[in-house]
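Participant: First the structure, then my questions, so here it is.
There are 2 protein chains.
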Amino acid sequence: MVGPGRYNRPDREGETVTATRTIKIDGRFSMHRGGYLESPTIAYETWGTLDAQRGNAILLFTGLSPSAHAASSPDNPSAGWWEDMIGPGLPLDTERYFVICVNSLGSCFGSTGPASVNPGTGERYRLDFPVLTLEDVADGGYEVVRALGIERLYATVGCSMGGMSGLGFCVRHPDLSRAFVSISSATRALPFSIAVRSLQRELIRQDPKWRNGNYDPADPPIAGQRLARKLGMMTYRSAEEWEHRFARERISSEREADDMFSGDFTVEFYLEAQASKFAGHFDPNCYLYLSRASDLFDLAEHGGSLASGFAKLRLERALVIGVRTDILFPIHQQQELADGLDKVVDDVEFARLDCVKGHDSFLVDMDAFRPVLSRFFG
Amino acid sequence: MVGPGRYNRPDREGETVTATRTIKIDGRFSMHRGGYLESPTIAYETWGTLDAQRGNAILLFTGLSPSAHAASSPDNPSAGWWEDMIGPGLPLDTERYFVICVNSLGSCFGSTGPASVNPGTGERYRLDFPVLTLEDVADGGYEVVRALGIERLYATVGCSMGGMSGLGFCVRHPDLSRAFVSISSATRALPFSIAVRSLQRELIRQDPKWRNGNYDPADPPIAGQRLARKLGMMTYRSAEEWEHRFARERISSEREADDMFSGDFTVEFYLEAQASKFAGHFDPNCYLYLSRASDLFDLAEHGGSLASGFAKLRLERALVIGVRTDILFPIHQQQELADGLDKVVDDVEFARLDCVKGHDSFLVDMDAFRPVLSRFFG
Numbered sequence: 001m002v003g004p005g006r007y008n009r010p011d012r013e014g015e016t017v018t019a020t021r022t023i024k025i026d027g028r029f030s031m032h033r034g035g036y037l038e039s040p041t042i043a044y045e046t047w048g049t050l051d052a053q054r055g056n057a058i059l060l061f062t063g064l065s066p067s068a069h070a071a072s073s074p075d076n077p078s079a080g081w082w083e084d085m086i087g088p089g090l091p092l093d094t095e096r097y098f099v100i101c102v103n104s105l106g107s108c109f110g111s112t113g114p115a116s117v118n119p120g121t122g123e124r125y126r127l128d129f130p131v132l133t134l135e136d137v138a139d140g141g142y143e144v145v146r147a148l149g150i151e152r153l154y155a156t157v158g159c160s161m162g163g164m165s166g167l168g169f170c171v172r173h174p175d176l177s178r179a180f181v182s183i184s185s186a187t188r189a190l191p192f193s194i195a196v197r198s199l200q201r202e203l204i205r206q207d208p209k210w211r212n213g214n215y216d217p218a219d220p221p222i223a224g225q226r227l228a229r230k231l232g233m234m235t236y237r238s239a240e241e242w243e244h245r246f247a248r249e250r251i252s253s254e255r256e257a258d259d260m261f262s263g264d265f266t267v268e269f270y271l272e273a274q275a276s277k278f279a280g281h282f283d284p285n286c287y288l289y290l291s292r293a294s295d296l297f298d299l300a301e302h303g304g305s306l307a308s309g310f311a312k313l314r315l316e317r318a319l320v321i322g323v324r325t326d327i328l329f330p331i332h333q334q335q336e337l338a339d340g341l342d343k344v345v346d347d348v349e350f351a352r353l354d355c356v357k358g359h360d361s362f363l364v365d366m367d368a369f370r371p372v373l374s375r376f377f378g
Numbered sequence: 379m380v381g382p383g384r385y386n387r388p389d390r391e392g393e394t395v396t397a398t399r400t401i402k403i404d405g406r407f408s409m410h411r412g413g414y415l416e417s418p419t420i421a422y423e424t425w426g427t428l429d430a431q432r433g434n435a436i437l438l439f440t441g442l443s444p445s446a447h448a449a450s451s452p453d454n455p456s457a458g459w460w461e462d463m464i465g466p467g468l469p470l471d472t473e474r475y476f477v478i479c480v481n482s483l484g485s486c487f488g489s490t491g492p493a494s495v496n497p498g499t500g501e502r503y504r505l506d507f508p509v510l511t512l513e514d515v516a517d518g519g520y521e522v523v524r525a526l527g528i529e530r531l532y533a534t535v536g537c538s539m540g541g542m543s544g545l546g547f548c549v550r551h552p553d554l555s556r557a558f559v560s561i562s563s564a565t566r567a568l569p570f571s572i573a574v575r576s577l578q579r580e581l582i583r584q585d586p587k588w589r590n591g592n593y594d595p596a597d598p599p600i601a602g603q604r605l606a607r608k609l610g611m612m613t614y615r616s617a618e619e620w621e622h623r624f625a626r627e628r629i630s631s632e633r634e635a636d637d638m639f640s641g642d643f644t645v646e647f648y649l650e651a652q653a654s655k656f657a658g659h660f661d662p663n664c665y666l667y668l669s670r671a672s673d674l675f676d677l678a679e680h681g682g683s684l685a686s687g688f689a690k691l692r693l694e695r696a697l698v699i700g701v702r703t704d705i706l707f708p709i710h711q712q713q714e715l716a717d718g719l720d721k722v723v724d725d726v727e728f729a730r731l732d733c734v735k736g737h738d739s740f741l742v743d744m745d746a747f748r749p750v751l752s753r754f755f756g
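Right, dumping it as structure tokens:
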């Protein structure tokens, strides 16, 4: 999302506008499935002020594609991806909480990922990047928390893929967070979601410009990325929303005559527009790694079963929010997560929202999500 | 489906085994959205015997990809795509009924389509084929019925896309069929299904071998067809089926190490296998035309509204069968179709089946479908 945030600041020519800071991890960072990174960087952004007791911090893990810029600030007044959720008086109230959003390890917005230069070779990692897991993403967040001198988080919050990263974080660092909020996420991916992401990866990989990961950064596999984004949109939104929003609305019949297969219906042009917005703004190899990491995560691998994974948690409170029309992380997975948490956490709330906008509702249906989060953080 | 049917016949070397017959339409065949075909051919297959009153014929329209070979027969003993539904003692009982299955106009199994030679030019039609609609497919069926000397059909049956072809048939030739059976179909496509098919078409068109429709028949855009088939399978089956069938079952870890993105989960290899079975067995241009025809069909275009479309029907009985887990033709569309029919047809049955195999259930969950069809045709 690009646009004005709530902070007005005159443009200062030539200046890079960013609120993103980084930490550099000392020495080798061991990856969960083997291999290591030499002194990787983790990018993050913060809002609000850490209180004297260092007890008011909220750690936020993102979905697959967002950066750490979750909200505007005086340092970067452009709107963030969760602009309406983080700020003064908002559910993640920056007058009370110190909010930290981490750019996932493996991503391309400041954190080390496949598009970064490997200090050992002086070349980009590309497919030499080790297998990425959400446990690694979680540990990247842990390093930021430690670097900020925080010993106890008020809460860990994760949206979509970030919910699994957050769950991994709470399992691997059980005494660090008092509360956990999972938004439209799960304990692990089911085969339909795996199939969707697997095909998205194949759509990028089959683009001749991908060149087995060795694409020219100035000429990346945009065509494959566009196709992958279109497939993604079909699972991020819902058939129900589209039925109301587009129905069978047609584009002009002149265009129809032009090219027999260029598209007849408004929904096809909506997907075109969405694909154009995304493709080229995310590194293709980073996408592949994070996408596969989403498939690989499984809470049950922490101890051999979901129950043993849940049993590792040391939380005081948990909140699970899911949406009825989500087909990527379906509502019965939210129920499963809430039920599992309920066995090991005293205070668990499950909010089943009736939004029509599917998986993406947490980004676009703020009126439904805000009250639930406000109550939890109020 | 290839395999032995219920008829054993010794192989006769060098002989083409087929039960498919054809009619050639005299002169110009005008297409619903403009243009015409010169003397097109319609392929069909029949089972059973037309009775003396010529009143026991059932006309069957197929989904997008099947041929007219719906069931085995002494002339072609290989199993058909609806082998368990058509035959002696089966729901479409060939000891009582004369069953006709038509290969859709625009397809590539004997009927004229984009892969056929245009008699006007001596070259394949390719993208010079006029815009195809399901009304044209319906009229192809009409020509077969007329050629067989049938003035009144016992019933018209259509599965998936064929349900819309059948509905178009009954609207355009209202006094021809006494009954109509719609199986996992609809009055028109909704935007989610349009989006899926639009992306499938794009996956074929983006394959460099497609060459704007001018592919080498010996080297067609198989890669694009494979991708389209994978996407198709995600909508033909259901997330629920896959959750039970595949869960998170992994392929061997050796293969995993081989190639980072070649696939980790059994569901990915299932899709590979499905794609291999299909790609190369269907002409890509025919696929594009039939796929778009599925999007374009809208009962409401027959008179300006769904109600006016329904009002054109002159049926004695109708049966609508739908499946709870179908995401391509969702169950609320079956309800809408049944409700619309109920206003204009005396005897309407709506069967809402609880199959887990999604849209494809009518091909694979015979135990659920057989009793409903047996009752209707009993």
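For the record, the sequence lines run as chains A and B. Sequential numbering from 1 applies to the first sequence in our numbering. Sequential numbering from 379 applies to the second sequence in our numbering. We put the CB at the ideal spot given by N, CA and C, even for glycine.
For the region 197–209 of chain A, which residues have a CB atom closer than 8 Å to at least one CB atom of chain B, in sequence order?
Facilitator: Listed by position along the chain: Ser198, Leu199, Arg201, Glu202, Leu203, Arg205, Gln206 and Pro208.
Participant: Inspect the beta-carbon positions of Leu751(B) and Glu727(B) and report whether they are closer than 8 Å.
Facilitator: For the purposes of this step, residue 751(B) is taken as residue 373 along the second sequence, with counting starting at 1. For the purposes of this step, residue 727(B) is taken as residue 349 along the second sequence, with counting starting at 1. It is not a contact, given that the beta carbons lie outside the stated cut-off.
Participant: If Tyr44(A) sits next to Ile86(A), beta carbons under 8 Å apart, how far is it from one beta carbon to the other, in whole angstroms?
Facilitator: Here residue 44(A) corresponds to residue number 44 of the first sequence, with the count starting at 1. Here residue 86(A) corresponds to residue number 86 of the first sequence, with the count starting at 1. Tyr44(A) to Ile86(A), Cβ: 13 Å. No contact.
Participant: Can you pull the chain A neighbours of Pro599(B), defined as C-beta to C-beta under 7 Å?
Facilitator: Looking up residue 599(B) in the second sequence gives position 221. Under the 7 Å cutoff, chain A gives no residues; its nearest Cβ is about 11 Å from Pro599(B).
Participant: For the 8 Å Cβ check, are there 3 or more pairs between the region 731–742 of chain B and the region 577–597 of chain B?
Facilitator: No, they do not touch.
Participant: Taking Lys608(B) as the query, report the chain A residues whose CB atoms sit under 9 Å from its CB, ordered along the chain.
Facilitator: Position 230 of the second sequence, counted from the first residue, corresponds to residue 608(B). Chain A residues near Lys608(B): Ala195, Ser198, Leu199 and Glu202.
Participant: Quick one: what's Trp425(B) bridged to in DSSP?
Facilitator: Taking the second sequence and counting its residues from 1, one reaches residue 425(B) at position 47. Looking at the DSSP assignment, Trp425(B) forms a beta bridge with Val477(B).
Participant: Considering only residues of the same chain and omitting the five flanking positions on each side of Ala19(A), which have a CB-CB separation below 6 Å?
Facilitator: The sequence position of residue 19(A) within the first sequence is 19, counting from 1. These residues qualify, in order along the chain: Glu45, Ser73, Asp75 and Asn76.
Participant: Compare the C-beta of Ala279(A) with all C-beta atoms of chain B and state if any pair is closer than 8 Å.
Facilitator: In the first sequence, the residue the question calls residue 279(A) occupies position 279. No, because no Cβ of chain B sits closer than 8 Å to the Cβ of Ala279(A).
Participant: Using 8 Å as the threshold, is the region 576–590 of chain B in touch with the region 278–292 of chain A, meaning 3 or more CB pairs across them?
Facilitator: Touching, no.
Participant: Taking C-alpha atoms, which residue in Ala195(A), Arg96(A) and Phe269(A) lies nearest to Glu580(B)?
Facilitator: Here the question's residue 580(B) lines up with position 202 in the second sequence. Nearest option by C-alpha distance: Phe269(A).
Participant: Do Ser538(B) and Ser562(B) have their C-beta atoms closer together than 8 Å?
Facilitator: What you label residue 538(B) is simply residue 160 of the second sequence in a count that begins at 1. What you label residue 562(B) is simply residue 184 of the second sequence in a count that begins at 1. Yes, they are a contact pair.
Participant: Examine chain A for any beta-carbon lying closer than 8 Å to the beta-carbon of Leu674(B), and answer yes or no.
Facilitator: On the second sequence, position 296 is the one that residue 674(B) refers to. Closer than 8 Å to some Cβ of chain A, the Cβ of Leu674(B) qualifies, so yes.
Participant: At 7 Å on the CB atoms, spell out the chain B contacts of Gly263(A), in chain order.
Facilitator: Within the first sequence, the letter at position 263 stands for residue 263(A). The contacting residues are Ser576.
Participant: With DSSP as the reference, label Leu134(A) as helix, strand or coil.
Facilitator: The residue labelled residue 134(A) in the question sits at position 134 within the first sequence. If DSSP states are grouped into helix, strand and coil, Leu134(A) belongs with the helices.
Participant: Assuming Val181(A) contacts Phe329(A) under a Cβ cut-off of 8 Å, what Cβ separation, rounded to an integer in Å, is found between them?
Facilitator: Walking along the first sequence from the start, residue 181(A) turns up at place 181. Walking along the first sequence from the start, residue 329(A) turns up at place 329. Wrong, their Cβ atoms sit about 14 Å apart, outside the cutoff.
Participant: Got a sec, what are the start and stop residues for the alpha helix (DSSP H) Lys230(A) sits in?
Facilitator: Here residue 230(A) is taken as the residue at index 230 of the first sequence, counted from 1. Note, Lys230(A): alpha helix (DSSP H), Ile222 to Tyr236.
Participant: For Thr121(A) and chain B, any beta-carbon pair shorter than 8 Å?
Facilitator: Translated into the one-based positions of the first sequence, residue 121(A) becomes position 121. No - not a single Cβ of chain B is within 8 Å of the one on Thr121(A).
Participant: Which residue wins for smallest C-alpha separation from Gly110(A), given the options Ala223(A), Gln274(A) and Arg21(A)?
Facilitator: In the first sequence, counting from the first residue as 1, residue 110(A) sits at position 110. Nearest option by C-alpha distance: Arg21(A).
Participant: List the endpoints of the continuous alpha helix (DSSP H) containing Val17(A).
Facilitator: Indexing the first sequence from 1 puts residue 17(A) at position 17. From DSSP, Val17(A) is part of no alpha helix (DSSP H); its letter is neither H nor E.
Participant: Buried or exposed for Ala52(A), please, with buried defined as at least 16 other CB atoms from any protein chain shown within 10 angstroms of its CB.
Facilitator: The count along the first sequence starts at 1 and reaches residue 52(A) at position 52. Counting Cβ neighbours within 10 Å, Ala52(A) comes out exposed, since fewer than 16 surround it.
Participant: For Glu135(A), tell me which candidate among Asp259(A), Leu176(A), Phe297(A) and Ser308(A) has the shortest Cα-Cα distance.
Facilitator: For this step, residue 135(A) is matched to residue 135 along the first sequence. Nearest of Asp259(A), Leu176(A), Phe297(A) and Ser308(A) to Glu135(A), Cα basis: Phe297(A).
Participant: Taking DSSP as the reference, what is the three-state secondary structure of Met379(B)?
Facilitator: As a position in the second sequence, residue 379(B) is number 1, starting the count at 1. Reliability of the predicted coordinates at Met379(B) is poor, the pLDDT of 39 falling under 50, and no value is obtained from them.
Participant: When DSSP labels each residue in this structure, what does Val698(B) get in the three-state scheme?
Facilitator: Position 320 of the second sequence holds residue 698(B). Residue state, collapsed to three classes: strand.
Participant: Taking 8 Å as the CB-CB cut-off, is Val2(A) touching chain B?
Facilitator: What you label residue 2(A) is simply residue 2 of the first sequence in a count that begins at 1. Only weak support exists for where Val2(A) lies, its pLDDT of 42 falling under 50; the value from the coordinates is given anyway. It does not; no Cβ of chain B falls within 8 Å.
Participant: Could you check where the beta strand (DSSP E) with Phe29(A) kicks off and where it finishes?
Facilitator: Taking the first sequence and counting its residues from 1, one reaches residue 29(A) at position 29. Element bounds for Phe29(A): Arg28 to Ser30.
Participant: Between Pro191(A) and chain B, is there a C-beta pair that is closer than 8 Å?
Facilitator: Reading the first sequence from its first residue, position 191 is the one you call residue 191(A). Closer than 8 Å to some Cβ of chain B, the Cβ of Pro191(A) qualifies, so yes.
Participant: Would you call the CB atoms of Leu92(A) and Asp84(A) closer than 8 Å?
Facilitator: In the first sequence, counting from the first residue as 1, residue 92(A) sits at position 92. In the first sequence, counting from the first residue as 1, residue 84(A) sits at position 84. No, they are not a contact pair.
Participant: If you drop the 5 nearest sequence neighbours on each side, which residues of the same chain put their C-beta closer than 6 Å to that of Val395(B)?
Facilitator: In the second sequence, the residue the question calls residue 395(B) occupies position 17. Closer than 6 Å at the Cβ level, and outside the excluded window around Val395(B), lie Asn454.
Participant: Along the beta strand (DSSP E) that carries Cys537(B), what are the first and last residues, could you check?
Facilitator: Translated into positions along the second sequence, residue 537(B) becomes position 159. It spans Ala533 to Cys537 - the beta strand (DSSP E) in which Cys537(B) sits, taken as one unbroken run.
Participant: Please report the distance separating the alpha-carbon of Val380(B) from that of Ala657(B).
Facilitator: Within the second sequence, numbered from 1, the residue matching residue 380(B) stands at position 2. Within the second sequence, numbered from 1, the residue matching residue 657(B) stands at position 279. Annotation note: pLDDT 42 at Val380(B) (below 50); position unreliable, no value reported.
Participant: Please list the partners that Val645(B) has in chain A, where partner means a Cβ-to-Cβ separation under 7 Å.
Facilitator: The residue you call residue 645(B) lines up with position 267 of the second sequence. Result: Pro191, Ile194 and Ala195.
Participant: Which residues in the same chain as Glu694(B) place their Cβ atom closer than 8 Å to its Cβ, once the five residues preceding and following it in sequence are excluded?
Facilitator: For the purposes of this step, residue 694(B) is taken as residue 316 along the second sequence, with counting starting at 1. Closer than 8 Å at the Cβ level, and outside the excluded window around Glu694(B), lie Arg556, Ala557, Val723, Asp724 and Asp725.
Participant: Distance cutoff 8 Å, beta carbons only. Does Ala247(A) sit that close to anything in chain B?
Facilitator: Here residue 247(A) corresponds to residue number 247 of the first sequence, with the count starting at 1. Yes, contact with chain B.
Participant: When you compare only the Cα positions, how much space is there between Leu59(A) and Pro749(B)?
Facilitator: Here residue 59(A) corresponds to residue number 59 of the first sequence, with the count starting at 1. Here residue 749(B) corresponds to residue number 371 of the second sequence, with the count starting at 1. Answer to the nearest angstrom: the Cα atoms are 56 Å apart.
Participant: What would DSSP say about Ala57(A), mapped onto helix, strand or coil?
Facilitator: If you number the first sequence from 1, residue 57(A) lands on position 57. In the structure shown, Ala57(A) sits in a strand (DSSP, three-state: E or B).
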